[in-house]
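Working notes, beginning with the structure itself.
There are 2 protein chains.
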Amino acid sequence: MKVITNESLIGIEECADSLKNVLDALYVINGKWKLAVILCLVQSSKHFNEIQHEVTGISSKVLAKELKDLELNGFITRNIYPTTPVSIIYEATEYSLTLKNVLRELTAWGKQHREKVKQSMRLRP
Amino acid sequence: MKVITNESLIGIEECADSLKNVLDALYVINGKWKLAVILCLVQSSKHFNEIQHEVTGISSKVLAKELKDLELNGFITRNIYPTTPVSIIYEATEYSLTLKNVLRELTAWGKQHREKVKQSMRLRP
DNA sequence: GTTAGTACTTACCTAAAGGAAAGCGGTTAC
DNA sequence: GTAACCGCTTTCCTTTAGGTAAGTACTAAC
Chain A
5 MKVITNESLI GIEECADSLK NVLDALYVIN GKWKLAVILC LVQSSKHFNE IQHEVTGISS
65 KVLAKELKDL ELNGFITRNI YPTTPVSIIY EATEYSLTLK NVLRELTAWG KQHREKVKQS
125 MRLRP
Chain B
5 MKVITNESLI GIEECADSLK NVLDALYVIN GKWKLAVILC LVQSSKHFNE IQHEVTGISS
65 KVLAKELKDL ELNGFITRNI YPTTPVSIIY EATEYSLTLK NVLRELTAWG KQHREKVKQS
125 MRLRP
């Protein structure tokens, strides 16, 4: 059974626009650590070292960079409390929650894709 | 107004699983060209040179690699017709269409994110 | 004064992605 | 024969992401 290719994903005109939007989204979401850090902070606000401990494997250099990126993009805030010594607490913003639908679809697709790959490996080893 | 952080994105237990699925999905989708090539072929099947002409900026080396990757992952098929000279036509599979929901959410999110970034740049230039 | 903790930064290295340009084996047109 | 088109591959180079390890500036506890 064949699907008519026109209108199958999106019209040919909106295509370039859509692609640009998708690439923008992927740029923000992407990399080995960004989502892990967001999910970690969505569960609760944390200190630098707490994050580094929970997101196992991340180095302090990379974590510092990711936190800066995520702050710039509005996913987290860096709160400085003037205690002695100053305590810095990273917090997920409500904007992090706007990723909900995206993550739901990516999770669903990623899951079925892995199962599909497993099956095709069984068929042709 | 604060949102209760538990249950806000996903439960803390499914979190690691979900993250794995998302990273798997991103791995397949990712890179500068993959989605552009898929969208190009979803509109109609094409020759190598036609794709290279339509996806402006891609080099033949990179296109060859992307086509191999996409074929391995089941997004496209490489059809060889025994004419003289042989003609090779790349075709999107129906599996490409399973990305529909993912692309819809990424498009929507990417669009609103760009507008949000534009606004915040107007507020603090 | 030494040790430990917090929040990073700096310097150096590796691997992978991607770009530029040329080549190659075949065919077809002139 | 030669120029040009098809479908790539090869070589070389640059950029980027990420890893390792050490260092820094501060404070507090012992």
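Heads up: the protein sequence lines correspond to chains A and B, in order. When the letters of the first sequence are read in order and numbered with the working numbering, they come out as residues 5 to 129. When the letters of the second sequence are read in order and numbered with the working numbering, they come out as residues 5 to 129. Every residue, glycine too, gets a C-beta built ideally from N, C-alpha and C. Please read all numbers here as calculations on a predicted model, not as lab measurements.
Could you pull out every residue in the same chain whose Cβ sits closer than 6 Å to the Cβ of Val46 of chain B, ignoring the five residues on either side in sequence? Reading the second sequence from its first residue, position 42 is the one you call residue 46 of chain B. Around Val46 of chain B: Ala96 and Ser100.
What three-state label does DSSP hand Asn105 of chain B in the structure shown? Position 101 of the second sequence, counted from the first residue, corresponds to residue 105 of chain B. Residue state, collapsed to three classes: helix.
Spell out whether any CB of chain A is found under 8 Å from the CB atom of Trp37 of chain B. Against the second sequence, residue 37 of chain B aligns to sequence position 33. It does not: the Cβ of Trp37 of chain B has no partner Cβ on chain A nearer than 8 Å.
Hey, how far is the Cα of His57 of chain B from the Cα of Lys120 of chain A? Within the second sequence, residue 57 of chain B is the residue found at index 53, counting from 1. Within the first sequence, residue 120 of chain A is the residue found at index 116, counting from 1. Going by the C-alpha atoms only, they are around 32 Å apart.
Chain B contact residues for Asp28 of chain A, given Cβ-Cβ distances below 7 Å: The residue given as residue 28 of chain A occupies position 24 in the first sequence. Residues of chain B passing the Cβ test: Gly114, His117 and Arg118.
First and last residue of the uninterrupted beta strand (DSSP E) at Ile93 of chain A: Locating residue 93 of chain A in the first sequence gives position 89, where the first residue counts as 1. From DSSP, the beta strand (DSSP E) with Ile93 of chain A extends over Ser91 to Ala96.
Counterpart residues of Ile80 of chain A in DSSP-defined beta bridges: Working through the first sequence from its first residue, we reach residue 80 of chain A at position 76. Bridge partners of Ile80 of chain A: A:Ala96.
Could you work out which residues of chain B lie near Val106 of chain A, taking near to mean beta carbons separated by less than 7 Å? For the purposes of this step, residue 106 of chain A is taken as the residue at position 102 of the first sequence. Neighbours of Val106 of chain A on chain B, chain order: Glu109, Leu110 and Trp113.
Quick one: list the residues of chain A neighbouring Ala40 of chain B, beta-carbon separation under 7 Å, in chain order. Start at 1 with the first residue of the second sequence, and residue 40 of chain B comes out as number 36. Correct list: Leu23.
So which of B:Phe79, B:Glu54 and B:Asp73 has the shortest CA-CA distance to Glu98 of chain B? For this step, residue 98 of chain B is matched to residue 94 along the second sequence. Of B:Phe79, B:Glu54 and B:Asp73, the residue nearest in Cα terms is B:Phe79.
Under the rule that 16 or more other beta-carbon atoms within 10 Å means buried, what is Val7 of chain A, buried or exposed? By one-based count along the first sequence, residue 7 of chain A stands at place 3. With a pLDDT of only 47 at Val7 of chain A, under the threshold of 50, the placement of this residue in the model should not be trusted; the figure read from the coordinates follows. So Val7 of chain A counts as exposed.
Neighbourhood of Glu109 of chain B by C-beta distance below 7 Å, restricted to the same chain and skipping five residues each side: Against the second sequence, residue 109 of chain B aligns to sequence position 105. If we look at Glu109 of chain B and ignore the five residues flanking it on each side, it has no Cβ neighbours.
For the 8 Å Cβ check, are there 3 or more pairs between the stretch 69–84 of chain B and the stretch 78–94 of chain A? no
Would you say Ser49 of chain A and Ile92 of chain A are within 8 Å of each other, going by their C-beta atoms? Counting from 1 along the first sequence, the entry for residue 49 of chain A is found at position 45. Counting from 1 along the first sequence, the entry for residue 92 of chain A is found at position 88. Going by C-beta atoms, Ser49 of chain A is not nearer than 8 Å to Ile92 of chain A.
Using DSSP with H/G/I as helix, E/B as strand and the rest coil, what is Thr9 of chain A? As a working note, residue 9 of chain A is residue 5 in the first sequence. Reliability of the predicted coordinates at Thr9 of chain A is poor, the pLDDT of 47 falling under 50, and no value is obtained from them.
Excluding five sequence neighbours on each side, which residues of the same chain lie with their C-beta closer than 8 Å to the C-beta of His51 of chain B? The count along the second sequence starts at 1 and reaches residue 51 of chain B at position 47. If we look at His51 of chain B and ignore the five residues flanking it on each side, its Cβ neighbours are Ser91, Ile92, Ile93 and Tyr94.
Quick one: residues in its chain with C-beta nearer than 8 Å to the C-beta of Leu107 of chain B, no 5 flanking neighbours on either side, listed in chain order? Position 103 of the second sequence, counted from the start, is the residue given in the question as residue 107 of chain B. Around Leu107 of chain B: Leu39.
Just to check my reading of the structure: Val26 of chain B and Gly114 of chain A have Cβ atoms closer than 8 Å, yes? What is that Cβ distance to the nearest angstrom? Numbered from 1 along the second sequence, position 22 holds the residue referred to as residue 26 of chain B. Numbered from 1 along the first sequence, position 110 holds the residue referred to as residue 114 of chain A. Sure, about 6 Å apart at Cβ, within 8 Å.
Using the rule of at least 16 other Cβ atoms within 10 Å of the residue's Cβ for burial, across every protein chain shown, is Thr88 of chain A buried or exposed? On the first sequence, residue 88 of chain A is found 84 positions in, with the first residue counted as 1. Counting Cβ neighbours within 10 Å, Thr88 of chain A comes out exposed, since fewer than 16 surround it.
Contact criterion: CB-CB distance below 8 Å. Does Gly67 of chain B meet it with respect to chain A? If you number the second sequence from 1, residue 67 of chain B lands on position 63. Looking at the sequence shown, residue 67 of chain B is not Gly but Leu. Not closer than 8 Å to any Cβ of chain A, the Cβ of Leu67 of chain B fails to qualify, so no.
Find the residues of chain A that neighbour Val32 of chain B, judging by a C-beta separation of less than 7 Å, and give them in chain order. Position 28 of the second sequence, counted from the start, is the residue given in the question as residue 32 of chain B. Simply His117.
Note down the Cα distance separating Leu67 of chain A from Val32 of chain A, rounded to an integer number of angstroms. For the purposes of this step, residue 67 of chain A is taken as the residue at position 63 of the first sequence. For the purposes of this step, residue 32 of chain A is taken as the residue at position 28 of the first sequence. Straight-line Cα distance between these residues: approximately 15 Å.
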